[in-house]
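Peer 1: Chains as they are written, first to last, in the working numbering: chain H, 1 to 169; chain V, 170 to 338.
Got a structure for you, written out below as structure tokens; questions coming shortly.
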DNA sequence: CCGAATTGTTTTAAGCCTAAAATGTTTTCC
DNA sequence: GGAAAACATTTTAGGCTTAAAACAATTCGG
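This is the structure we're talking about:
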């Protein structure tokens, strides 16, 4: 124990410093790094292989899961982005022929959007390749790692949602 | 083993369906959801409490760890954003008096930026509160959860970097 | 030493993104 | 029925972000 003299302040002052949340902070930064890294990689590959942006791809992914279409609000909630953001994104995808947008018959406030035939075909083509990229990016994780990460991230999501709810009920 | 009849297609058809990466895809989406959720929460709180944007805060956080300053390239690598992005961010923070920017004496290509006294003081004030937000967002994770997540995310980061490196060596 | 690659930064063009205000529509609740 | 609240979307203003091209300064190899 001759090294005790070299101990860090952060260790010795555990009592005086009321709360030490350095671990959580490091965890958050690591989480952010992982996401940024993977996102950047996916963004670059989508652009190079298919000349499509990540937000466009994400929006098409939402619509592919909803054959009967979605409202802009639905999309905005699912993608966790602002309403105004979706408006512009949809505009450009309608323009390029990937999306079909029509006003709901029963509620004239609502715009329902769907993938066009072209949009669906292109998305499926991209999604197939996209899936292999993701698999490759996570390739060093064992199935057990994946399960465990899924579990811990579910817990994280629940914790964050609870905390966010406390502030904005 | 009487339950074998109930086995899922994804298990029984392992040979016919060449590769099933649905699990990794779900993991990626969950990772993204967690990050987006927390990031949005932090962004909102920074804006409401301190009227500062998240990118500005992130940049100041980098500089707070480097008392002798950093070059724009350093910052861009650390933050994992493009060079041009940093240029604009720095411009606005110099304008508002939070950053000091000067050309290196030894290499006239290089711009060295530092926090000003004001910038450092403001950042410290924000960082203290920011740390409690993060702690709160992760509050439901046990110390063991945190350690395990750190480990698995480190593994994820390494895996993703390896995969990214294979594409762009 | 000098041309060629390399490195650091800025510029450009386009798109993404947010918060807040504005607009139009429907529902609610007297 | 009609005012008020709630809802869905768009608009606005400003900032963020990227990829690629342009520019400037340094280093490298012959």
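The beta carbon of each residue, even a glycine, is placed where N, CA and C say it ideally should be.
Considering only C-alpha positions, which residue in the set H:160, H:30, H:114 and H:153 is nearest to residue 74 of chain H?
Peer 2: When only C-alpha atoms are compared, the closest one is H:114.
Peer 1: CA-CA distance, residue 277 of chain V and residue 67 of chain H?
Peer 2: For residue 277 of chain V and residue 67 of chain H, the distance between alpha carbons rounds to 58 Å.
Peer 1: Candidates V:229, V:218, V:195 and V:272: which alpha carbon is nearest residue 281 of chain V's?
Peer 2: Minimum Cα distance to residue 281 of chain V is reached at V:272.
Peer 1: For residue 176 of chain V, count neighbouring C-beta atoms within 10 Å of its own C-beta (all shown protein chains included) and say buried if the count is 16 or more, exposed if not.
Peer 2: Confidence in residue 176 of chain V is poor, its pLDDT being 46 and thus under 50, which makes the residue's placement too unreliable to answer from.
Peer 1: My guess is that residue 327 of chain V and residue 140 of chain H are in contact by the Cβ rule of under 8 Å, so how many angstroms apart are they, rounded?
Peer 2: So it is a contact: roughly 7 Å between Cβ atoms.
Peer 1: Is the number of C-beta pairs between the segment 27-44 of chain H and the segment 315-325 of chain V that are closer than 8 Å three or more?
Peer 2: Verdict: yes, contact present.
Peer 1: To which residues does DSSP link residue 270 of chain V through a beta bridge?
Peer 2: Residue 270 of chain V is bridged to V:282.
Peer 1: Do you know how far the Cα of residue 296 of chain V is from the Cα of residue 210 of chain V?
Peer 2: Roughly 15 Å separates the two Cα atoms.
Peer 1: Can you check whether the CB of residue 228 of chain V is closer than 7 Å to the CB of residue 27 of chain H?
Peer 2: The answer is no: Cβ separation not under 7 Å.
Peer 1: Closest to residue 288 of chain V by CA distance: which of V:261, V:300, V:335 and V:217 is it?
Peer 2: Ranking the options by Cα distance to residue 288 of chain V, first place goes to V:261.
Peer 1: Just verifying my parser: in three-state terms, what is the DSSP assignment at residue 275 of chain V?
Peer 2: Residue 275 of chain V: coil per DSSP, three-state reduction.
Peer 1: Would you mind stating whether residue 214 of chain V and residue 223 of chain V have Cβ atoms separated by less than 7 Å?
Peer 2: No, the pair does not count as a contact, with Cβ atoms beyond the cut-off.
Peer 1: Secondary structure at residue 71 of chain H, three-state DSSP: helix, strand or coil?
Peer 2: Here residue 71 of chain H sits in strand by DSSP.
Peer 1: Measuring only between beta-carbons, confirm whether residue 151 of chain H sits less than 7 Å from chain V.
Peer 2: Cβ-Cβ to chain V under 7 Å: no for residue 151 of chain H.
Peer 1: Going by the beta-carbon positions, is the gap between residue 24 of chain H and residue 304 of chain V smaller than 7 Å?
Peer 2: Yes.
Peer 1: Restricting to runs no shorter than 4 residues, where is the alpha helix (DSSP H) found entirely within the segment 179-238 of chain V?
Peer 2: Qualifying alpha helix (DSSP H) stretches, in chain order: 191-219 and 223-233.
Peer 1: Taking any Cβ of chain V, which residues in the segment 47-76 of chain H have a Cβ under 8 Å from it, in chain order?
Peer 2: Under the 8 Å Cβ criterion, the segment 47-76 of chain H contributes no residue.
Peer 1: Pull up the CB-CB distance for residue 62 of chain H and residue 78 of chain H, whole angstroms please, since I reckon it's below 8 Å.
Peer 2: Rounded, the Cβ-Cβ distance is 5 Å, consistent with contact.
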